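Heads up, the thing below is written out as structure tokens.
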């Protein structure tokens with residue numbers, strides 16, 4: 003396994019790999035890897051001859067009051083994990099190389115960047131779209147794997163890829179959970195034991211929503227309200243949003259249909275967590 | 003020579019060409035080709051094994067009151083010219099394929115899109131940057147040639163290419179002029195004989211500015227004023243801007259330096275014309 007820091011070196015390597023007939027699979031990460039990332043990497047391992055993982059805490063997707071500075075980092079541990087999973091190249095560029103002096107180009111996926119997390123993190127999806135396009139141009143992957151936990155991010159990236167004719171297959175990978183149901187996230191490391199207990203209400207409330215639909219409920223408002231109540235009952239929780247919406251357009255729905263997305267964001271103490279689930283109306287498919 | 007309309011077909015062809023070791027040179031155009039375009043194509047012919055020319059009148063770079071509908075088109079004549087110059091592939095997509103339903107992604111090169119033409123054509127450079135990135139992703143060129151007549155467009159594209167790590171060599175090509183000095187443009191076809199006469203003041207005034215600098219003038223304001231007076235003297239001219247600026251950042255200058263850009267836009271009758279020239283302070287270099 004190799005660690006490449008230099009953008010030109012990575013881009014030249016990628017071009018040489020493609021010219022020699024190799025396919026490239028890519029998993030972008032912000033590091034501090036957990037089992038969710040490792041699952042994406044194992045999926046990536048099957049998708050190409052060469053597996054490239056980027057580790058880059060992208061300043062452009064953090065707001066001025068967000069946790070860019072305190073976001074957890076541990077390259078040594080990350081490298082060992084990547085090696086275990088069979089990663090070929092870690093791409094680990096410096097922020098000043100990704101955003102040099104005079105940088106001024108931004109990619110905006112307009113509608114999908116609004117609503118949900120976009121309302122609470124202005125500029126976040128612009129930062130995500132721009133850096134993912136840059137990484138695609140540097141790493142030249144045939145396929146890239148993204149976690150479904152970041153459902154709005156995945157929708158934004160699918161749309162950008164189609165709209166800009168990026169020749170990359172976008173693969174979504176199901177959310178990996180702890181045994182108690184908590185969606186894996188690098189930010190879980192910030193949770194105290196009590197907060198961790200409260201945070202279980204996120205996945206529990208999603209399960210409860212699926213149960214309501216299974217029993218015939220179809221009104222988004224009533225489902226959202228039940229989820230809100232379940233989460234609010236727990237100490238130290240503060241809901242940003244709970245939303246029933248279309249899984250691709252993310253637009254609001256009048257009635258729950260089959261394969262409806264239920265997405266939520268909650269602050270637990272100082273830690274912002276997101277989770278989501280696809281709700282089905284058909285028995286036996288959940 | 004081949005004409006490809008389908009985006010997927012073009013992209014697959016480009017990928018196959020690259021995989022077989024061929025280099026691709028690309029000249030994007032809006033068609034209605036003139037000798038300026040043909041010069042870009044001849045330059046492109048030298049830059050790659052395969053020469054691709056796109057002909058696409060891009061609706062996204064025209065404002066609601068601009069001449070998208072009346073922009074001249076003649077694919078048959080264009081094809082014949084391309085064949086003469088040794089073009090291998092004309093890419094000629096439909097607007098509905100480039101901008102399908104639900105399209106919502108835009109690329110903004112922030113600072114360079116402001117000022118000069120950007121002030122008079124809001125959204126124009128966003129439309130240019132977005133379509134050029136799309137064409138790069140579809141045609142996958144190693145090198146692309148752009149005319150220096152569109153000096154702000156060239157600056158925007160150079161910046162976008164660097165900022166998004168697009169692996170394309172951007173080549174600028176000097177403005178081609180009619181024997182009387184008028185910069186070649188598809189829009190020249192709209193000029194009446196009298197307007198055409200007035201339009202000669204654009205290149206003449208640029209020459210006059212170089213003469214002033216040669217004789218020691220260094221103040222942008224006095225140079226701009228002299229150019230304005232020369233152009234205003236002609237019937238049917240209406241100046242949008244005359245600006246002395248830095249050739250890459252396009253920022254205003256306090257004093258004329260060597261290799262300063264002088265750019266202008268003028269309406270002659272109903273036709274909007276642009277022209278520019280690099281002014282040198284060193285004798286014998288103009």
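Protein chains in written order, with my numbering: chain E, 3 to 288; chain R, 3 to 288. The C-beta atom is built at its ideal place from N, Cα and C for all residues, glycine as well. Every value quoted in this text rests on a predicted model; they were computed, and no experiment measured them.
Where residue i meets chain E, residues with beta-carbon distance less than 8 Å
i	result
residue 13(R)	167 and 169
residue 108(R)	109, 110 and 112
residue 98(R)	Chain E residues near residue 98(R): none, gap ~14 Å exceeds 8 Å.
residue 17(R)	169
Inter-residue CB distance, residue i and residue j (contact presumed, cutoff 8 Å)
i	j	result
residue 64(R)	residue 70(R)	4 Å
residue 263(R)	residue 276(R)	That pair is no contact at about 12 Å.
residue 131(E)	residue 158(E)	6 Å
residue 270(E)	residue 238(E)	6 Å
residue 207(E)	residue 229(E)	4 Å
residue 19(R)	residue 145(R)	About 14 Å; that fails the 8 Å criterion.
residue 170(E)	residue 163(E)	6 Å
residue 41(R)	residue 178(R)	5 Å
residue 129(E)	residue 62(E)	3 Å
residue 33(E)	residue 75(E)	6 Å
residue 9(R)	residue 99(R)	5 Å
residue 135(R)	residue 166(E)	6 Å
Local conformation of residue i per DSSP, three classes
i	result
residue 8(E)	coil
residue 283(R)	coil
residue 206(E)	helix
residue 1(R)	Residue 1(R) lies beyond the stretch modelled for chain R, which goes from 3 to 288, so this question has no answer here.
residue 30(R)	strand
residue 104(R)	coil
residue 277(E)	strand
residue 98(R)	helix
residue 110(R)	strand
residue 148(R)	strand
residue 64(E)	coil
residue 215(E)	helix
residue 173(E)	strand
residue 250(E)	coil
residue 258(R)	coil
Neighbour list for residue i in chain E, Cβ cutoff strictly below 7 Å
i	result
residue 190(R)	Within 7 Å Cβ-Cβ: nothing; residue 190(R) doesn't reach chain E, min ~32 Å.
residue 136(R)	166 and 167
Residues that residue i contacts on chain R, provided the C-beta gap is smaller than 7 Å
i	result
residue 161(E)	106 and 107
residue 140(E)	167
Where the alpha helix (DSSP H) through residue i begins and ends
i	result
residue 138(R)	126-141
residue 79(R)	77-87
residue 59(E)	Looking at the DSSP string, residue 59(E) is not in any alpha helix (DSSP H), and its letter there is neither H nor E.
residue 117(E)	First-last for residue 117(E): undefined, no H or E at that position.
residue 246(E)	Note, residue 246(E): premise wrong, no alpha helix (DSSP H); beta strand (DSSP E) at 239-247.
residue 266(E)	Run containing residue 266(E): none in the alpha helix (DSSP H); it sits in the beta strand (DSSP E), 262-270.
residue 221(R)	Careful: residue 221(R) lies outside any alpha helix (DSSP H) and carries neither H nor E.
residue 156(E)	153-165
Under 9 Å from the C-beta of residue i: neighbouring residues of chain E
i	result
residue 9(R)	167
Within chain A, partners of residue i - CB distance below 7 Å
i	result
residue 24(R)	Of the protein chains in this structure, namely E and R, none is chain A.
The beta strand (DSSP E) enclosing residue i, as first and last residue numbers
i	result
residue 177(E)	First-last for residue 177(E): undefined, no H or E at that position.
residue 70(E)	Counting along the chain, residue 70(E) falls outside any beta strand (DSSP E), and DSSP gives it neither H nor E.
residue 93(R)	91-93
Residue i Cβ short of 7 Å to the ligand PLP heavy atom set
i	result
residue 83(R)	Ligands are entirely absent from the displayed structure, and the ligand PLP is therefore not among its contents.
*Indicate whether the contact test is met: 3 or more Cβ pairs, each with one atom in the segment 43-56 of chain R and one in the segment 14-34 of chain R, closer than 8 Å.*
yes
_Three-pair Cβ contact test at 8 Å for the segment 193-205 of chain E versus the segment 133-151 of chain R_ = no
*Below 8 Å, can you find three or more Cβ-Cβ pairs linking the segment 251-259 of chain R to the segment 173-190 of chain R?*
no
*Contact the segment 89-96 of chain E vs the segment 4-14 of chain E: 3+ CB pairs below 8 Å*: yes
*Is there contact between the segment 17-27 of chain E and the segment 108-116 of chain E, where contact requires at least three CB pairs shorter than 8 Å?*
no
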